[in-house]
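**Student:**
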Amino acid sequence: MLSRIDEIQGMGFHLDLVLRKIQKAYLRKFDELGVDTTIEQWVILYQIHQLGENASQRDIVNENFRNRATTSRVIGGLERKGWISKTRFDGDQKRFKLELTPKGQEILDITLPSALALRKLAVKGVDASEFETFLKVLDTIGDNYEEN
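Add 2 to the 1-based position in the sequence shown for our numbering, that's all there is to it.
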């Protein structure tokens, strides 16, 4: 495969192809479950769930790979859907506190089992050492581009 990388328009093409397949699987599953959400919305919903009572918009922005404006837009969309609430922390008027609403928790309860199953599907047939090598190679490639 490495000898063919340039023939198939570079490794970015291959990574994009795999990413699109993953995204399509998630969106198809969400649609089957009757949940109207994007992957970005779901990821942020899940992050708020993981962070619990201390979930702040600043934390979500810092943990996401999107810029602040994009993350704020997605958070606004979740708020308009009624899946999250956005208030200020007591005693800290600079930070926004994000919480799942009952509807947001219901959406997460519906989708999380399928999302976890899709994560398992991703590594089916890949042993732990192969996956570790895969992540190490991705990190190295990313570091190579950061250095430029």
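Where a beta carbon is used, it is the ideal one built from N, C-alpha and C, also for glycine.
(1) For threonine 135, which beta-bridge partners are listed by DSSP?
(2) Considering Cα atoms alone, identify which of Ile143, Lys122, Ser87 and Ala119 is closest to glycine 106.
(3) With DSSP run on the structure shown, which of helix, strand or coil describes threonine 1?
(4) In the structure shown, what three-state DSSP assignment does lysine 99 receive?
(5) Based on Cα-Cα distance, which residue from Val125, Asp94, Gly144 and Glu65 lies nearest to isoleucine 50?
(6) Taking the straight line between their C-alpha atoms, what separation do you get for leucine 53 and aspartate 111?
(7) My parser needs the alpha helix (DSSP H) runs of 4 or more residues fully inside the region 40 to 87; what are they?
(8) Does the region 31 to 48 come close enough to the region 76 to 83 that 3 or more CB-CB pairs lie under 8 Å?
(9) Is isoleucine 62 closer than 8 Å to tryptophan 85 when the C-beta atoms are compared?
(10) Does DSSP classify aspartate 141 as helix, strand or coil?
(11) Would you decide whether leucine 140 is buried or exposed? Buried here means 16 or more other CB atoms lie within 10 Å of its CB.
(12) Under 6 Å Cβ to Cβ from threonine 39, same chain only, skipping five residues before and after it: list those, please.
(13) Looking at the secondary structure, which residues open and close the alpha helix (DSSP H) in which lysine 26 lies?
**Tutor:** Working from what's here:
(1) Its beta-bridge partners do not exist; DSSP assigns none.
(2) Ranked by Cα distance from glycine 106, the first of Ile143, Lys122, Ser87 and Ala119 is Ser87.
(3) Missing from the structure shown is residue 1; the chain here goes from 3 to 150 and no further.
(4) Strand at lysine 99.
(5) Considering only alpha carbons, the answer is Glu65.
(6) Rounded to the nearest angstrom, the two C-alpha atoms are 16 Å apart.
(7) Those alpha helix (DSSP H) runs which fall completely within the region 40 to 87 and span 4+ residues are 41 to 53, 59 to 65 and 70 to 83.
(8) Yes: the two stretches touch, three or more of their Cβ pairs being nearer than 8 Å.
(9) No.
(10) Three-state result, aspartate 141: helix.
(11) Under this definition leucine 140 is an exposed residue.
(12) The answer, listed in chain order, is Phe32.
(13) That run of the alpha helix (DSSP H) goes 12 to 34.
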